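As numbered in the working numbering, the sequence shown has no gaps in its residue numbers, which increase by one up to the final residue, 305.
In this text, a Cβ means the ideal position worked out from N, Cα and C, and glycines have one as well.
Model, not experiment: these values are computed from the prediction.
Inspection log for the structure reproduced underneath, given as structure tokens.
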Amino acid sequence: MANQLAKDLEIMFENYVEGFEAACVVSRNAKKFRPGDTAMQRAGDVLYRPQHYHMNIEEGLDLSSKTPTALVQRLVPSVFKEPKNILYTLDAREMRDPEHKTEAGRAAGMRLAAQIDSDLISMVTQRATNVITMADSTAGTQGRDLWNCAAGIDATMTAIGVPQGINRRSFWNPFNYKDLAGELGHRAYAQGATLTAYEKAQIPPVASFDSYKTDISGRLPKGSTESLTVSGQPEHKVEAKDSNGMPVDNRQGTITVSASGLQVGDAFTIAGVNSVHQITKDT
């Protein structure tokens, strides 16, 4: 009969298996607004921030017969969403080992940090208003087509008056980032940037946008609608408050359409409705 000797089970609590932290690429680059806790409590977790005025131009020295610009103060709501929580339990015996609480706290912080990035990306994906389409390319031109799309967004933003002096940032999923690096990597004229793209798949700014690679990317379901009918004439919204005197969020509106197959996040154009410069209102 073989020996049957008792053995100790030793767990090296001080040496965890190598892990990784949440990247949080998007949230680190997002502009943050932090209102006071007391103000948010008293306001019901909704604060309004005013938009800048837009003014009309009147010509001539004698302005007595001219129409003055009506000042419309539009307000943008900042809403505190429902808090996200991490819930776990430890009984009295388990709480004797503080390592459980320490590691659970670390894991909770990492999970919540990653969720912030996911929420930001989801919101941008669903509510993007300036859209450039790209064909599904399988002919080896994916990197070039992606650059053309970035340049198209740059042109669109410039045409509507978004200033070039502000920090413009682009966030690429790892596969598109790889294609852009591959497009740049085999170029011969971009010394330094070409080598970095080839060796590290790291790309410089693309079409005036600082470039970032994200580990989370937005996903939209594929819609099947090719045309839709708008019921009624879309109207420009000028009201700043409702019948109760509460501010109206003019950044979005509601239209009635008849179509099937629409998905959340779908973008479409309306004949006769054009984008305009944000200051001069030129089309």
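Please classify residue i as buried or exposed, where buried requires at least 16 other C-beta atoms within 10 Å of its C-beta.
i	result
K303	exposed
N198	buried
S265	exposed
V48	buried
R118	exposed
L93	exposed
I175	buried
G165	buried
A203	buried
D113	exposed
R96	buried
D201	buried
Taking residue i and residue j to be in contact with their CB atoms under 8 Å, please state how far apart those CB atoms are, rounded to whole angstroms.
i	j	result
D139	A44	7 Å
Q186	S230	6 Å
S339	N296	Look at the range of the chain in this structure, 23 to 305, and you will see that residue 339 is not part of it.
K106	Q137	6 Å
R133	I108	6 Å
G183	I301	5 Å
C46	A135	5 Å
P57	S100	7 Å
Is any heavy atom of the ligand ZN found at a distance shorter than 7 Å from the C-beta of residue i?
i	result
I277	Questions concerning the ligand ZN fall outside what the structure shown contains, since it holds no ligand whatsoever.
List the DSSP bridge partners of residue i.
i	result
P99	Y70
V228	F231
S251	The displayed chain sequence assigns Thr, not Ser, to residue 251. The partner list for T251 (beta bridge, DSSP) reads S280.
K263	P269
F193	Y234
Return the residue from the list the options that minimises the CA-CA distance to residue i.
i	options	result
N189	G174, A150, M179 and K103	M179
F102	P269, Y70, L93 and S49	Y70
T111	P105, L97 and A126	A126
V153	T291, V279 and A135	T291
T155	S144, E121, W169 and D84	W169
H76	T91, R64 and G66	T91
A173	G183, P227, S144 and H208	P227
R273	T60, A61 and P72	P72
H74	V98, G58, A289 and K53	V98
Q255	V270, M62 and I277	I277
A293	D59, A61 and V252	V252
D141	V68, E104, D59 and A262	E104
P243	V286, E81 and T124	V286
A289	P120, K88 and A150	A150
G162	G131, H208 and A130	H208
Give a yes or no on whether 8 Å exceeds the smallest Cβ distance from residue i to chain C.
i	result
F193	The chain inventory of the structure shown lacks chain C, comprising one protein chain alone.
Who are the near neighbours of residue i in its chain, counting only those whose CB is closer than 6 Å to its CB and skipping five residues on each side?
i	result
L250	V279 and A281
N51	R191
K298	The question names Lys, yet the displayed sequence has Val at residue 298. Hits under 6 Å: T305.
D342	Within the shown structure, residues of the chain are numbered from 23 to 305, placing residue 342 beyond reach of any answer.
T60	none
M268	none
I'd like the list of long-range same chain contacts for residue i, defined as Cβ closer than 7 Å, with 5 residues on each side in sequence excluded.
i	result
L284	G245 and T247
F55	S100
C171	I154 and M156
M62	L69 and F102
For residue i, which residues from the same chain have a beta carbon less than 8 Å from its beta carbon, with the 5 sequence-adjacent residues on both sides left out?
i	result
I143	V48, F193, T236, I238, S239 and G240
K88	E80 and G82
A181	S297 and H299
K123	L112 and M117
A262	V94, Q95, R96, L97, P269, V270 and N272
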